[in-house]
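Everything on this sheet refers to the single structure shown next.
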Amino acid sequence: MLEEEFYISGLIAKQLQGELDSEQQRALDKWINTAEKNKIVHQGYCSEREIKLKVQQYNQANSEAIYKLVTDKIVFLKLQQKESFTKKLWPAFAAAAAAIIMIVGIGLYNQRTFPDEVTDLIAQHDIPAGKKLATLILGNGKRIALADAQPGLLVVEAGISITKAENGNLVYRLLPQTDLSVGQHHRTLTYNTIEIPRGGEYQIVLADGTHVWLNSATSMKFPTTLVKSAERIVELNGEGYFKVNHNPRQPFSVKTTNQVVEDLGTEFNINAYADESSTVTTLLDGSLSVNSKVLVPGQQAVLKKSGNLTVQAADMQEALAWKNGDFVFRNDDFRMVMRKISRWYNVDIIYDASAPKNIPLGGMISRKKTLSLLLNLMEQTGAVHFTRKGRTITVSK
Amino acid sequence: MGAKDTADDAYWLNEFQRGTQKGFTWFFNVHNKSLFYFASRLIQDIPQAEELVSQCFIKLWERQQNFETAENIKAFLYITCRNSCLKHLRDLKRKTADQQLYLSQLEESEETVLYEIIDTEIISIIAREIEDLPDRCREIFSLLYFEQKKTSEVALLLNINVQTVRNQKIRAIELLKTKLIKKGLSGMHLLAFLLFVNGDIK
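Residue numbers (this note's numbering), protein chains in the order written: chain R, 1 to 397; chain X, 1 to 202.
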């Protein structure tokens with residue numbers, strides 16, 4: 001009785017919730033095409049206003065008043081009336097009670113595990129967020145895949161030990177016998193490089209205690225025995241957040257393709273991707289200079305490819321979003337947003353001729369979400385459409 | 001979801017058939033709003049709809065042993081309610097134009113009722129999504145979405161800061177599934193939380 005109605009309404013609700021699979025879609029389409037009236041009825045659920053009005057109407061129900069009207073007229077079973085009865089039948093009753101508890105138990109069990117299964121299922125078809133992924137290239141050219149490495153000591157090399165910590169971070173430590181006198185071992189400076197692929201991120205603690213967060217599609221070259229050199233100079237390609245262990249006698253510098261950032265005791269973020277039009281350095285704490293121009297906390301230096309350098313007030317939330325595990329887009333250029341997505345989800349972006357040139361997007365969403373969730377949200381603007389094939393996303397109108 | 005629902009339903013059906021208040025109340029809570037919505041649309045009279053719905057639940061109570069599945073209870077409630085509504089409309093001495101229209105449609109064919117049942121089921125699923133939001137989140141959602149209050153007004157009304165309102169709004173958008181509701185809540189112009197178009201497409 002009414003099975004078809006319950007089934008169809010369930011399908012339409014699922015469609016509105018974006019959870020319809022292809023088989024259900026076919027069943028719904030079949031129903032829609034069975035009668036003209038079905039089509040009209042179905043179209044009615046595409047109006048947000050209509051649905052809102054109906055939900056409001058639905059919520060007008062005064063459940064308490066109705067409940068009182070009902071309970072005024074019926075008498076519920078009093079359990080104590082059955083007491084002597086249940087005592088006699090205690091073993092049977094206990095068994096029944098156990099069965100009920102089991103049923104409830106199963107209910108709870110399913111409730112708890114079900115969402116995980118769904119997530120796993122989605123993960124197979126969807127592209128998950130980026131994760132801790134990096135390759136370390138040692139002085140001798142040897143490469144270590146850090147994601148696969150077991151936590152513990154990885155290498156002992158030229159006066160330092162390299163460890164993968166329990167939290168996955170890469171930690172450099174000077175070996176105790178190392179001579180710390182500044183400037184003595186210039187000749188023996190060994191360089192390591194850490195490479196973060198698209199779809200990865202990693203954290204590294206250098207030998208001098210400086211903590212660096214590295215974003216996707218980034219590489220950093222650094223001397224392993226930072227403490228022994230007169231200057232500490234690292235080279236960055238991509239994006240990194242630096243928490244420098246300050247030493248006034250031994251400045252810390254970050255070189256990118258066209259700029260040098262010199263720390264004067266600081267925490268800062270550098271966005272220096274080759275495919276972006278400018279290099280952006282944002283200062284959180286302390287002070288630093290960008291190509292000799294001094295910044296104060298809350299400011300950012302924007303260096304155009306042309307060499308034009310401007311200093312402006314920074315949007316901290318946006319600049320540090322990636323490190324905090326979020327995407328924050330504020331009036332960002334649409335293609336720049338897509339480049340961020342390309343790096344973090346390891347996907348290629350192709351623009352169809354119909355693709356909008358520029359939709360300034362704004363918003364915030366966790367970087368832990370799957371790709372399709374993010375793209376779906378963007379599609380809700382109605383201005384853009386995405387088609388995915390493997391790891392290639394085609395953008396169209 | 002099938003397994004969980006079936007286990008729940010089996011448990012509550014058993015409780016209901018044993019005649020306990022909690023078994024009855026569970027089915028009442030699941031169906032009373034849907035039934036009220038259904039009846040109020042058919043008879044266009046809110047107080048009368050409440051009365052009719054209460055009678056449907058009393059009839060359900062009287063037949064507690066007769067149901068094999070939870071879905072049968074739902075179907076029984078709809079059909080009982082439809083019959084009560086039809087009878088009510090027939091018995092009305094004076095009818096409004098809407099009531100007259102519904103009566104003639106109901107007498108002519110079952111179609112209208114079936115579409116109303118589909119409608120009720122869809123709306124109840126969406127409404128339940130909102131009901132399932134955490135309390136604070138739902139409260140803020142309702143003020144923003146149904147009462148169309150501004151973020152700053154909600155903050156003032158509940159004596160909380162604007163950021164808290166925003167955070168709860170983000171939460172609601174994250175938790176809700178129905179795209180149209182999410183879209184309605186996020187609006188087309190402000191909102192720093194969902195991705196949105198805030199400039200002209202060039």
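Note that the Cβ used here is the ideal one computed from N, Cα and C, for glycine as well.
Spatial neighbours of residue i within its chain, please: C-beta separation below 6 Å, excluding the five flanking residues on both sides.
{"i": "L103 (chain X)", "result": "L89"}
{"i": "K389 (chain R)", "result": "none"}
{"i": "Q317 (chain R)", "result": "V328"}
{"i": "S396 (chain R)", "result": "D352, S354, A355, H385"}
{"i": "L2 (chain R)", "result": "none"}
{"i": "N346 (chain R)", "result": "R198, G199"}
Strictly under 8 Å for the Cβ-Cβ distance: is residue i near chain X by that measure?
{"i": "Y351 (chain R)", "result": "no"}
{"i": "L28 (chain R)", "result": "no"}
{"i": "Y67 (chain R)", "result": "yes"}
{"i": "E5 (chain R)", "result": "yes"}
{"i": "K368 (chain R)", "result": "no"}
{"i": "E471 (chain R)", "result": "There is no way to answer for residue 471 (chain R), as the model of chain R reaches only from 1 to 397."}
{"i": "K54 (chain R)", "result": "yes"}
{"i": "G18 (chain R)", "result": "yes"}
{"i": "M1 (chain R)", "result": "yes"}
{"i": "N59 (chain R)", "result": "yes"}
Measure the CB-CB distance between residue i and residue j and report whether it falls below 8 Å.
{"i": "Q300 (chain R)", "j": "V280 (chain R)", "result": "yes"}
{"i": "A70 (chain X)", "j": "W12 (chain X)", "result": "yes"}
{"i": "G325 (chain R)", "j": "S216 (chain R)", "result": "no"}
{"i": "S34 (chain X)", "j": "S124 (chain X)", "result": "yes"}
{"i": "T224 (chain R)", "j": "N192 (chain R)", "result": "yes"}
{"i": "A207 (chain R)", "j": "R173 (chain R)", "result": "yes"}
{"i": "I270 (chain R)", "j": "G298 (chain R)", "result": "no"}
{"i": "G286 (chain R)", "j": "T256 (chain R)", "result": "no"}
{"i": "L303 (chain R)", "j": "L309 (chain R)", "result": "yes"}
{"i": "V244 (chain R)", "j": "T210 (chain R)", "result": "yes"}
{"i": "R232 (chain R)", "j": "S253 (chain R)", "result": "yes"}
{"i": "N83 (chain X)", "j": "A61 (chain R)", "result": "no"}
Mind checking residue i: buried by the 16 CB within 10 Å criterion, or exposed?
{"i": "S306 (chain R)", "result": "exposed"}
{"i": "K142 (chain R)", "result": "exposed"}
{"i": "A230 (chain R)", "result": "exposed"}
{"i": "N46 (chain R)", "result": "Residue identity check: residue 46 (chain R) is Cys in the sequence provided, not Asn. Exposed: under 16 other Cβ atoms inside 10 Å."}
{"i": "P176 (chain R)", "result": "exposed"}
{"i": "G382 (chain R)", "result": "exposed"}
{"i": "V118 (chain R)", "result": "Annotation note: pLDDT 29 at V118 (chain R) (below 50); position unreliable, no value reported."}
{"i": "L156 (chain X)", "result": "exposed"}
{"i": "S292 (chain R)", "result": "exposed"}
{"i": "T387 (chain R)", "result": "exposed"}
{"i": "L53 (chain R)", "result": "exposed"}
{"i": "Q168 (chain X)", "result": "buried"}
{"i": "A272 (chain R)", "result": "buried"}
{"i": "D332 (chain R)", "result": "buried"}
Consider the Cβ of residue i: report whether some Cβ of chain R lies at a distance smaller than 8 Å.
{"i": "S84 (chain X)", "result": "no"}
{"i": "N66 (chain X)", "result": "no"}
{"i": "W26 (chain X)", "result": "no"}
{"i": "K59 (chain X)", "result": "no"}
{"i": "E121 (chain X)", "result": "yes"}
{"i": "E107 (chain X)", "result": "no"}
{"i": "F141 (chain X)", "result": "no"}
{"i": "K149 (chain X)", "result": "no"}
{"i": "L42 (chain X)", "result": "no"}
{"i": "T178 (chain X)", "result": "yes"}
Could you tell me the boundaries of the alpha helix (DSSP H) in which residue i lies?
{"i": "K33 (chain X)", "result": "21-43"}
{"i": "A319 (chain R)", "result": "316-319"}
{"i": "Q114 (chain X)", "result": "Going by the sequence as given, residue 114 (chain X) is Leu instead of Gln. Taken as a continuous stretch (DSSP letters only), the alpha helix (DSSP H) holding L114 (chain X) covers 111-131."}
{"i": "N167 (chain X)", "result": "162-175"}
{"i": "F334 (chain R)", "result": "334-345"}
{"i": "G362 (chain R)", "result": "No alpha helix (DSSP H) holds G362 (chain R); the beta strand (DSSP E) holding it covers 361-366."}
Where does the unbroken beta strand (DSSP E) through residue i begin, and where does it stop?
{"i": "L309 (chain R)", "result": "309-313"}
{"i": "H88 (chain X)", "result": "Taken as a continuous stretch (DSSP letters only), H88 (chain X) belongs to no beta strand (DSSP E), being part of the alpha helix (DSSP H) at 70-91."}
{"i": "A272 (chain R)", "result": "267-272"}
{"i": "V211 (chain R)", "result": "First, the amino acid is wrong: residue 211 (chain R) is His here, not Val. Where H211 (chain R) is concerned, the enclosing beta strand (DSSP E) stretches over 211-214."}
{"i": "E107 (chain X)", "result": "Element bounds for E107 (chain X): not the beta strand (DSSP E) but the alpha helix (DSSP H), 97-108."}
{"i": "E166 (chain R)", "result": "First-last for E166 (chain R): undefined, no H or E at that position."}
{"i": "M1 (chain R)", "result": "Taken as a continuous stretch (DSSP letters only), M1 (chain R) belongs to no beta strand (DSSP E), as it is neither H nor E."}
{"i": "L303 (chain R)", "result": "299-304"}
{"i": "D148 (chain R)", "result": "Where D148 (chain R) is concerned, there is no enclosing beta strand (DSSP E), given that its DSSP letter is neither H nor E."}
Skipping 5 residues on each side, what residues in its chain have a beta carbon closer than 7 Å to that of residue i?
{"i": "A321 (chain R)", "result": "F327, V328"}
{"i": "G363 (chain R)", "result": "F329"}
{"i": "Q24 (chain R)", "result": "L11, K14"}
{"i": "Q111 (chain R)", "result": "At Q111 (chain R), the pLDDT of 31 sits below 50, so the modelled position is not reliable; the number obtained from the coordinates is stated separately. There are no such residues."}
Near residue i, what residues of its chain come up, given a Cβ to Cβ distance below 8 Å and the 5 sequence neighbours on each side ignored?
{"i": "E62 (chain X)", "result": "none"}
{"i": "I181 (chain X)", "result": "I126, E129, I130, Y145"}
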